[in-house]
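Position 390 of the sequence shown, counting from 1, maps to 394 under our numbering, and the rest follow consecutively.
Yeah, the Cβ is synthetic: ideal placement off N, Cα and C, and Gly gets one too.
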Amino acid sequence: MDTALTTLAQSIIREAERKFPCALATFFTNRGIDIDFDKKNERLSSARSNTGFVLSIFNGAYFEEFATDILEKDHLAKFCRTAIDKATVRDVKYEIDVPASGSNTFKTQEKINPDDLSLMEKIDIYRQRRAKILSGKNVVNCMISYSEALDDKTLISRGSITRERLRHVSHYLTVYVSAGNDLKYDYLSVGGTGGLELVEITDEQVEELIASANRLLQAEKIEPNFYDIVATPEIAGLIAHEAFGHGVETDMYLKNRARSRDYLGKIIASPLVNIIDDPTLPGAYGSYFIDDEGRVAQPTYIIRDGRFVQGLTSEYARLVLKLPATANGRRESFERKIYTRMSNTFFKPGTDSPDEIISSVKNGIYLIKGLSGMEDPKGWGIQILALYGKEIKNGKVTDRIFSPLGITGFVPDLLKDISMVSNDFKVDLGFCGKGYKEYIPISSGGPHIRTRVRLG
Numbered sequence: 005m006d007t008a009l010t011t012l013a014q015s016i017i018r019e020a021e022r023k024f025p026c027a028l029a030t031f032f033t034n035r036g037i038d039i040d041f042d043k044k045n046e047r048l049s050s051a052r053s054n055t056g057f058v059l060s061i062f063n064g065a066y067f068e069e070f071a072t073d074i075l076e077k078d079h080l081a082k083f084c085r086t087a088i089d090k091a092t093v094r095d096v097k098y099e100i101d102v103p104a105s106g107s108n109t110f111k112t113q114e115k116i117n118p119d120d121l122s123l124m125e126k127i128d129i130y131r132q133r134r135a136k137i138l139s140g141k142n143v144v145n146c147m148i149s150y151s152e153a154l155d156d157k158t159l160i161s162r163g164s165i166t167r168e169r170l171r172h173v174s175h176y177l178t179v180y181v182s183a184g185n186d187l188k189y190d191y192l193s194v195g196g197t198g199g200l201e202l203v204e205i206t207d208e209q210v211e212e213l214i215a216s217a218n219r220l221l222q223a224e225k226i227e228p229n230f231y232d233i234v235a236t237p238e239i240a241g242l243i244a245h246e247a248f249g250h251g252v253e254t255d256m257y258l259k260n261r262a263r264s265r266d267y268l269g270k271i272i273a274s275p276l277v278n279i280i281d282d283p284t285l286p287g288a289y290g291s292y293f294i295d296d297e298g299r300v301a302q303p304t305y306i307i308r309d310g311r312f313v314q315g316l317t318s319e320y321a322r323l324v325l326k327l328p329a330t331a332n333g334r335r336e337s338f339e340r341k342i343y344t345r346m347s348n349t350f351f352k353p354g355t356d357s358p359d360e361i362i363s364s365v366k367n368g369i370y371l372i373k374g375l376s377g378m379e380d381p382k383g384w385g386i387q388i389l390a391l392y393g394k395e396i397k398n399g400k401v402t403d404r405i406f407s408p409l410g411i412t413g414f415v416p417d418l419l420k421d422i423s424m425v426s427n428d429f430k431v432d433l434g435f436c437g438k439g440y441k442e443y444i445p446i447s448s449g450g451p452h453i454r455t456r457v458r459l460g
C-alpha cells in the first residue's frame, strides 16, 4: 500500500474521531485470473476487481460507510472530508471495540507460488487434462476451471495498521458421459488459501472421476422414506453449513429471521456433535487473518457437546444483541456492506473410524458427494441435494447406486439423530451468498457421520 495513502488515511481518521466515536479506513486491491475450458471453448479473464477504499464511521448508534474506487491522494482527501461532513452525529448508544494498537502483516503461506508458472504454462496443463478426459470412456464433454486471486487488505484505525494478503486458488473438473439417451456427470474440486500445491490433481484421480461418472449411468431412483445414512465429510459439511450457517449469522436475529435464537444455551443435538466456525483453519478456502472490521480471526464453537452455545457476530450485531464477539464481519467487496458471515464451518472429528461407522449400518445409504443446499432459518428446515449415494447392506457398501438424492428435515431432529462421528477430517471449498448475493469464499466439512434422514 502506498505510504502517502496510508498517512492520509491516518489523518482522516484523526479528523473523523474529533466528531465521532470511531472511524476505520480500509484499502482493498486484488489481481487474478480465471481459466475456463470445455470441449470446444477456451476462456481467459481477469479476476473480478475488488480494488477500492472504504471509510467506516461509527456515529454512536450505527456505522455509516462511504466507498470509492479512485485511489488517488487528492481525490481521496476530498472524498473523505465530504463523507465526514455527510455523516450524522448521534447520541452514543454503544461502545465499540477498536482494533488493538500496533502494526501487523499477515500473509498466506504458499509452497508453490502461482506466479512462478506463466499463463501459457497453466493453459498447457489444462489443455493436456482436457485431452485426457475427452479420450475417456463415454465422455461427451467436460468443464475445466482454474482460478487464482491475490487479495490485499489494509485496515487502518486510530492506533493500528493491519495488512492481510490472501491467495485463493481453486480447480474444478466436471465430466459428462453418455451411453445412448442418458447423460450423467461427476465432478472434482480442489483448492484453498495457498499455492498451486492445493490444486494438484493426479492422472489416477482423473481416471477415477471418469469411471465414477460412468457408474452413474446405472443409477436408480430411491424410494422416498427415512433412511439410516453415513455421510462423507463433504455431505457432513453441507449439513453443518446449512443447519448452522445462515441461521446462526446473528444479523438474522436483528430481523427476527432465525429460529435458532430461541435455542441459545439449550441442548439441540446429540452429545457427539461439535460444530465449529474457524477462519484460522490452515489452507481452507474460507480462511483469513482478520475480518473486515479488524477483529483478529479466531475459532468459534457453535455447538459444543450437543449444546448451542454461540452464534456468529459482526460488530453491529454484537453491540445490539449484547452477544460475545466473533471475527465474522465480512464484506463481498469494497462496494458492499459488512454482514455477519460464516468462514470455515465443520463438524469436529470424533473417535470412530469410517469403516466402523459403515459396518454398524444394516440397511442404509452411503451419501458421497453433494450438489447444493438450502435452509429456512425462520422455520429451521433444511434441504440438501446429493449427487449420489450407494447402498449399505449388512455393514458393506454395495455397487447399487442412487442418484440424485434429496435430504429434507428439521435441523434439531437431524442433529439429535447423529449416533456416530468418525476420526477423519476434510473440508471442501465454495462460495456462499447472503440470499441471492454477497458471495464470499467459504469451506465446510468435517468427518464421516451417521444419522437418520428422509431421502427422496
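- Contact check for L371 against L409 passes: the beta carbons are separated by less than 8 angstroms.
- Close CB contacts of R85 within its chain, under the 8 angstroms cut and outside five residues either way in sequence, are with I16, E19 (chain order).
- Remark: C-beta atoms of I279 and F248 approach each other more closely than 8 angstroms.
- The continuous beta strand (DSSP E) containing A235 extends over residues 229–235.
- Within its own chain, the residues whose Cβ lies closer than 8 angstroms to the Cβ of L316, once the five positions on either side in sequence are excluded, are V252, E253, T254, D281, T304, I306, T330, N332, T344, R345, M346, listed in chain order.
- Given a length threshold of 4 residues, the region 181–205 has no whole run of the alpha helix (DSSP H) inside it.
- Here the C-alpha atom of E168 lies approximately 21 angstroms from the C-alpha atom of E442.
- The C-beta of F350 has 16 or more other C-beta atoms within 10 Å across all chains shown, which makes the residue buried.
- Taking C-beta atoms under 8 angstroms as the contact rule, R454 and S364 qualify, at a distance of about 7 angstroms.
- DSSP places Y440 in the coil class of the three-state scheme, outside both helix and strand.
- In the DSSP assignment, H175 forms a beta bridge with Y150, V194.
- C-alpha of L285 to C-alpha of K82: approximately 40 angstroms in a straight line.
- The C-beta separation of L459 from I369 comes to about 6 angstroms, placing the pair in contact by the 8 angstroms criterion.
- Restricting attention to R134, E76, E99, E68, the CA atom closest to the CA of E46 is found in R134.
- With a cutoff of 8 angstroms on beta-carbon distance, S426 and S357 are scored as near each other.
- Assignment of E212 by DSSP, reduced to helix, strand and coil, places it in the helix class.
- Under the 10 Å beta carbon count, S139 is surrounded by fewer than 16 other beta carbons and is classified as exposed.
- Taking one beta carbon from each stretch, the region 67–74 and the region 184–203 have fewer than 3 pairs nearer than 8 angstroms; the two do not touch.
- Counting every other CB atom within 10 Å of its CB across the protein chains shown gives L48 a total below 16, marking it as exposed.
- For a cut-off of 8 angstroms, the C-beta gap from G269 to G196 is around 34 angstroms, too long to register as a contact.
- The alpha-carbon of D128 is positioned some 12 angstroms away from that of K136.
- Within the same chain, A329 come within 6 angstroms of R322 by CB-CB distance, once the 5 residues on both sides are set aside.
- Its chain contains L242, E246, I388 as the residues whose beta carbon lies nearer than 6 angstroms to that of G377, once the 5 sequence neighbours on both sides are disregarded; these appear in chain order.
- Checking the DSSP bridge columns, you'll see Q387 partnered with M378, T412.
- Going by DSSP, I362 is part of the alpha helix (DSSP H) stretching over 358–363.
- Counting along the chain, V58 sits inside the beta strand (DSSP E) bounded by residues 56–62.
- From the listed residues V58, D40, N34, E99, the smallest Cα separation to I342 is found for V58.
- With contacts defined as CB atoms closer than 8 angstroms, N54 and N34 qualify as a contacting pair.
- Here the C-alpha atom of Y150 lies approximately 7 angstroms from the C-alpha atom of D40.
- When only Cα atoms are considered, I239 and D232 end up about 14 angstroms apart.
- Put simply, the region 204–221 touches the region 160–178. At least three CB pairs are less than 8 angstroms apart.
- Sorting I116, R162, H250, K90 by C-alpha distance to the C-alpha of A13 places R162 at the top.
- For F429, no beta strand (DSSP E) segment is defined, and its DSSP state is neither H nor E.
- R345 sits in coil when the DSSP states are folded into three classes, being neither helix nor strand.
- Annotation for T109: no alpha helix (DSSP H) segment contains it, though the beta strand (DSSP E) segment containing it runs 106–111.
- Between the region 220–231 and the region 378–387 there are fewer than three inter-stretch CB-CB distances shorter than 8 angstroms, so the stretches are not counted as touching.
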